[in-house]
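Colleague:
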Amino acid sequence: MKRIRWNKKTLSRLLIFAGIVLISGALIFEAYHYPWGTLFGRDDQDEVSIPDPSPIVWENEDRDSVIIRSTPESSPAASAEEPGLLPGDEKAATLPLSVYTQLGILKIPKLNVSEYVLEGTQRQLRYGVGHVEKSGALGQQGNCVVAGHRTTAFRYLNKLAAGDSIILKADDNIYTYTVYESFAVLPKETWVLGNVENEPYTLTLITCTPYLVSSHRLIVRARLADINGMTPEAYYGTASAPPAD
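Read left to right, the sequence shown gives residues 1236 to 1480 (my numbering).
(1) At a cut of 8 Å, does the region 1327 to 1343 reach the region 1355 to 1363 through at least three beta carbon pairs?
(2) Looking at glutamate 1296: is its Cβ nearer than 9 Å to the Cβ of proline 1331?
(3) Sorry if obvious, but does the Cβ on threonine 1387 come closer than 8 Å to a heavy atom of the ligand PLP?
(4) Note down the Cα distance separating serine 1214 from leucine 1346, rounded to an integer number of angstroms.
(5) Between which two residues does the alpha helix (DSSP H) carrying glutamate 1468 extend?
(6) Could you check the C-alpha separation between glutamate 1432 and aspartate 1299 for me, to the nearest Å?
(7) Just the C-alpha distance for asparagine 1393 and tyrosine 1470, rounded to the nearest angstrom, thanks.
(8) Taking the CB atoms as reference points, tell me whether isoleucine 1441 and valine 1380 lie closer together than 9 Å.
(9) Tell me which residue opens and which closes the beta strand (DSSP E) that tyrosine 1362 is part of.
(10) Suppose you measure from the CA of isoleucine 1401 to the CA of glycine 1377; what does that come to, to the nearest Å?
(11) At what residues does the beta strand (DSSP E) containing glutamate 1416 begin and finish?
(12) How close, in whole Å, do the beta carbons of tyrosine 1415 and leucine 1459 come, if the pair is a contact with beta carbons under 8 Å?
(13) Would you kindly work out how many angstroms separate the C-alpha atoms of isoleucine 1255 and leucine 1249, rounded to a whole number?
(14) In whole angstroms, what is the alpha-carbon distance linking tyrosine 1412 and threonine 1329?
(15) Count the other CB atoms, across all protein chains shown, that sit within 10 Å of the CB of arginine 1304; report buried if there are 16 or more and exposed otherwise.
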C-alpha cells in the first residue's frame, strides 16, 4: 500500500510540475511577442524601425510551391464571384497552391508586425497576410483590404489606436497609412470591402474577433498619409491620380 501511495504522490507532483512548465512557457511566449510599445508608447513608427520579414518556410504540402512577385498595378485578376463572407476564418478548408503571388510587405511598428502581403486570403494567410482580391491595389486609390489570422500576424490588432502607422512596401515605394477608426462587424457584412466615402486612399485590415471565438470580424481603417515622403495628392498629382475601381 505504501508503494502505491508513493507512486500516486509522485504522479501528482509530476503532473503539477508539467502544468507549471506549460503555463510558464505560455507566459514567456506571450511576454516575448507582446507589443510592449502599446503600453509604454512608441515614437519610432517608421519603416526602418522593424526589419523585413524572414524568408517564407513552406509547409510540407507546399514544398513544391513557388512564389512570384507582382507590382500593385499588375496584381493577378480575381474571381468574378463576390465573397459571401469576410476572410479571416482559420478553419476554412484551403488546398495547397502551386504558385503564391507576393505583392509587397506590411509593417505595423507599434505591434512589431512585419509580414509578406500575398494575393488571396485562403492558404496564403499561413505564410503572411492576404490581399483581398478585387479590392484596391497597395498604395493606390480605392479601398485596399488586407486580412490576417488573429492567432498569428494580427494577434494584437485590437491594440491599434487612432494615429498609429501602418506601412506597405511595394514596387520600391513606401506607403504610410494612419489609423483613424476600428470596429467589429459580422462575417457576412461584406460592405466593408467597398470604397469608403470621402476617403480616396483607404487601407482596411480584417481579422477574427473576439480572440479564439471568431464570431465577428475586427475592422481597422487607415488613410494614406505619405508616399516616399510626399502626400498622395503631390505624389500622384490631382489630374493623374488613378481612378477608383
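Every residue, glycine too, gets a C-beta built ideally from N, C-alpha and C. Computed from a predicted structure; not experimentally measured.
Modeller: On the basis of the supplied data:
(1) Below 8 Å, enough C-beta pairs join the region 1327 to 1343 and the region 1355 to 1363 to call them touching: three or more.
(2) Their beta carbons are under 9 Å apart, which means glutamate 1296 touches proline 1331 by this criterion.
(3) This structure does not include the ligand PLP; it has no bound ligands of any sort.
(4) Only positions 1236 to 1480 of the chain appear in the structure, and residue 1214 is not among them; the question remains open.
(5) Segment 1467 to 1471, the alpha helix (DSSP H) holding glutamate 1468.
(6) Distance between glutamate 1432 and aspartate 1299, taken at the CA atoms: about 43 Å.
(7) Rounded to the nearest whole angstrom, the CA to CA distance from asparagine 1393 to tyrosine 1470 is 31 Å.
(8) Going by C-beta atoms, isoleucine 1441 is nearer than 9 Å to valine 1380.
(9) Tyrosine 1362 -> no beta strand (DSSP E), and no H or E assigned at all.
(10) Near 16 Å, if we compare the C-alpha coordinates of glycine 1377 and isoleucine 1401.
(11) Per DSSP, glutamate 1416 belongs to the beta strand (DSSP E) from 1408 to 1420.
(12) Between tyrosine 1415 and leucine 1459, the beta carbon gap of about 11 Å keeps them out of contact (Cβ cut-off 8 Å).
(13) Each residue's Cα considered, the two are about 10 Å apart.
(14) One Cα belongs to tyrosine 1412, the other to threonine 1329, and the distance between them is close to 30 Å.
(15) So arginine 1304 ends up on the exposed side.
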